[in-house]
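First residue of the sequence shown? That's 8 in the working numbering, and the numbers climb one at a time after it.
Don't be surprised by glycine CBs; every beta carbon is placed ideally from N, CA and C.
Since we're looking at a predicted model, the values are computed, not measured.
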Amino acid sequence: MTKHQRALNFDRSQLDKLFNLNVYGAYFCAQIAARKFIELGIKGSIVMTSSMTSY
8 MTKHQRALNF DRSQLDKLFN LNVYGAYFCA QIAARKFIEL GIKGSIVMTS
58 SMTSY
């Protein structure tokens, strides 16, 4: 999720909404996957990518 506007124009609630989905959502999803990998004995890395033009 993104909102196209200047960074200086974001208020706290807009920034919280963006972080809750884009940062925290990705983090907790990776955390769940990592725990499952450990449980199953899978070694490796979780790599996250993003693109500003992927919307």
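If you follow the alpha helix (DSSP H) that residue i is part of, which residue opens it and which one closes it?
{"i": "L19", "result": "Position check: residue 19 holds Arg in this sequence, whereas Leu was assumed. 19–26 is the span of the alpha helix (DSSP H), which, as asked, contains R19."}
{"i": "Q12", "result": "No alpha helix (DSSP H) contains Q12, which DSSP labels as neither H nor E."}
{"i": "I49", "result": "Where I49 is concerned, there is no enclosing alpha helix (DSSP H), given that its DSSP letter is neither H nor E."}
Report the option in the options whose CA atom is closest to the CA atom of residue i.
{"i": "S57", "options": "V30, F17, E46", "result": "V30"}
{"i": "A37", "options": "M59, N16, V54", "result": "V54"}
Note down the Cα distance separating residue i from residue j, rounded to an integer number of angstroms.
{"i": "N27", "j": "R13", "result": "19 Å"}
{"i": "F44", "j": "K50", "result": "7 Å"}
{"i": "E7", "j": "F35", "result": "A question about residue 7 goes unanswered here, because the residues of the chain that appear run from 8 up to 62."}
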